[in-house]
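What follows is a short report on a single structure.
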Amino acid sequence: MKTRTRTALALFLLCLAAATAPAQTATPATAARKAAAQKAAGQSAPAQKAAVPAGWRAALEQISADSMRGHLSFLSSDLLEGRNTPSRGLDIAAEYIAAQFRRAGLEPAGDDGYFQTANWMLAGREISGFQMTFTGGGNNLNVRPEQSSLGFSIGGFSFWMPDAGLSLKGAGVLKVEYANSSTLTREQAAGKVVVTELPEFPRADRARAFQVLREENDFLARMRSLGVPLVVAFDPAAARGRGAGPLRLVDPESAGRESPLGPQPVAPLVTVHGAEAARLYDSLPAGATPATLDFNAPALLQTPVKVRNVAGILRGSDPALKDTYVIVSAHYDHLGVRENCDSSKEDCIYNGANDDGSGTVSVIELASALSTLKTRPKRSILFLTFFGEEKGLLGSRYYGRHPLVPLAKTVAQVNLEQVGRTDDSEGPQVGTMAVTGFDYSDVGTALKEAGDLTGVKVYKHPSNSDAYFSRSDNQALADVGVPAHTLSVAYEYPDYHAVGDEWPKIDYANMAKVDRMVGAALLLIADGAREPRWNEQNPKAAHYVEAWKKLHAR
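Start counting the sequence shown at 88; every next residue gets the next number (the working numbering).
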């Protein structure tokens, strides 16, 4: 009897405790993860709209296709002349983005309001001092400035001509086949100008383009090691060259920093264009030639210039976590205006609507939508747009060296690149979004959860997800340890880096849909109890794992 009484009493107390215990508060993030888990397990779940927590849904539904069409029709208009870095069009775009951040009520995060300003130099050569004359062997050629191109540029580094200029008088000329130059000796080459034909540059194939640049860099480095003072490449396909080329940005901090193509110094390079130059090249015998070259490239002139990232913060609500950050970013620059183009006869402006006007207006729209949340996420969200991506990730690399919020307090970066076009070369990409380095960190898990909630397929592209990881503005922060990835709808599409990349070709309804997924992912990360981490089981992430440990003093 006593045993039954004690048992009954115990059951009564357990029931009372269960009835009176406070219920656990279900945050939007935990509710969202539960719904996503139910869906993944095949369990019954609410309808798609109901699966998104109510506190988030109202804000995410503020993301508007029409609003982004309005933003993009301005940012990619001819008025901004392709938003080259630097240019007046880029400055106008920066002011526009800052105005939208101000309208959304974001906290200014820059060193000058919403602007993070880099004080760099703009370098160029006075082409009137250029001289290039081949003589000897009956094959004379005076190369005019417009028939030449003084080298090439990548990543903000110069590989072609000394800043102090270069002068040669009566230099011997050696004709070398580019593909078979490995047998050339220093005895044959020292002090002579090497003339050659470089391979055609594959502008539309980014992976192949970088490989070609690396091969050319290795070739020029080898020529330098053999004592070659100048390499002259002949290009019969183009009738005109770029002369001294466009003005070039110089980061004062880059002096002595390694090129992205390798650490070795390279021989100066000048390219000669047109049929007349091709005839000269064809007439020269292989190896030592009877020709000589007089050459003068003027010294580089530099003037100060300001270029700006644009940054604003949606401050978090948790006292312990509001000083940790999730970054959502895009680059707002593009390629500017075509060289040697007659605007009265053809389109000369690279408007860059998809690349990366689409990412830029997505960042603007996300800032506007998430600022309407009645309950802010626990962590803060930093909205960030970069200058100079097309010049070699310049703005994001500058941010990586000069962060506006502590890198050790930055838990993730979600970078948006080419999110507007759905006409991918592999077929239509509607309702899908690919992630670079998908399984390098568990940021991909949050993105996949957000995709499940919003009806967007978030996936790892079998070839491009890994190949493109290092080619966008996530790379700078990944290098210092922050889990950082880039999201794209289409990797390859018509008009990539062409004048036809214009705002009417964007699929705005799809862009709004995938941006709602991005917004949900930002909130999942910002509200999550655990910070994203690099995947220690993936060998491709090993460098980033070590960078994270260094950043956090582990």
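Think of the CB as a built atom: it goes at the ideal place given N, C-alpha and C, for glycine as much as any other residue. Here the structure is a predicted model, which means the values were calculated and not measured.
- With respect to residue 413, residue 169 sits apart: the two C-beta atoms are not nearer than 8 Å.
- For residue 269, the number of other beta carbons within 10 angstroms of its own is below 16, and it is reported as exposed.
- Per the DSSP secondary-structure output, residue 520 pairs in a beta bridge with 545.
- Residue 287 is classed as exposed because its beta carbon has fewer than 16 other beta carbons within 10 Å across all chains shown.
- In this structure, residue 519 keeps its C-beta atom at 8 Å or more from the C-beta atom of residue 448.
- Residue 440 sits close to residue 507, with the two beta carbons spaced by under 8 Å.
- Residue nearest to residue 337 within the set 376, 393, 359 is 393 (criterion: CA-CA distance).
- Closest by C-alpha distance to residue 191, out of 469, 437, 267, is 469.
- As summarised for the region 170 to 254, the continuous beta strand (DSSP E) elements at least 3 residues long and confined to that stretch are 202 to 212, 218 to 222, given in chain order.
- Buried is the label assigned to residue 399, since at least 16 other Cβ atoms lie within 10 Å of its Cβ.
- From the listed residues 458, 230, 467, the smallest Cα separation to residue 406 is found for 467.
- A residue is called buried once 16 or more other Cβ atoms fall within 10 Å of its Cβ, and residue 465 is buried on that count.
- By the criterion of at least three beta-carbon pairs nearer than 8 Å, the region 195 to 211 is not in contact with the region 423 to 438.
- Residue burial is scored here from C-beta neighbours: residue 416 has at least 16 other C-beta atoms within 10 angstroms and is therefore classed as buried.
- In the structure shown, the three-state DSSP call for residue 438 is coil.
- When the Cα atoms are used, residue 305 and residue 237 turn out to be separated by approximately 18 Å.
- Contact between residue 321 and residue 282 holds, with the beta-carbon distance rounding to 7 Å and staying under 8 Å.
- Taking a C-beta distance under 8 Å as the contact criterion, residue 231 and residue 384 do not qualify as a contact pair.
- Secondary structure of residue 395 (DSSP, three-state): strand.
- In this structure, DSSP gives residue 559 a state outside helix and strand, which the three-state scheme calls coil.
- Cβ neighbours of residue 153 within its own chain (closer than 8 Å, five residues either side excluded): 595.
- The C-beta of residue 539 has 16 or more other C-beta atoms within 10 Å across all chains shown, which makes the residue buried.
- In the three-state scheme derived from DSSP, where H, G and I count as helix and E and B as strand, residue 335 is classed as strand.
- Contact check for residue 499 against residue 567 fails: the beta carbons are separated by 8 Å or more.
- In the three-state reduction of the DSSP assignment, residue 422 falls in the coil class.
- Taking a contact to require three or more Cβ pairs closer than 8 Å, the region 486 to 500 and the region 558 to 574 qualify as touching.
- The beta-carbon distance between residue 404 and residue 462, rounded to whole angstroms, is 7 Å. This is short enough to meet the 8 Å contact definition.
- Residue 160 and residue 476 have their alpha carbons spaced roughly 21 Å apart.
- Its chain contains no residue whose beta carbon lies nearer than 6 Å to that of residue 264 once the 5 sequence neighbours on both sides are disregarded.
- The DSSP-derived three-state label of residue 275 is helix.
- Taking C-alpha positions only, residue 501 is separated from residue 179 by approximately 25 Å.
- Close CB contacts of residue 156 within its chain, under the 6 Å cut and outside five residues either way in sequence, are with 595 (chain order).
- Secondary structure note for residue 471: it is in no alpha helix (DSSP H), and the uninterrupted beta strand (DSSP E) holding it is 467 to 473.
- According to the DSSP assignment, residue 625 belongs to no beta strand (DSSP E), since it is labelled neither H nor E.
- For the pair residue 307 and residue 313, the Cα-to-Cα distance works out to about 10 Å.
- Residue 279 places its beta carbon 8 Å or farther from that of residue 372.
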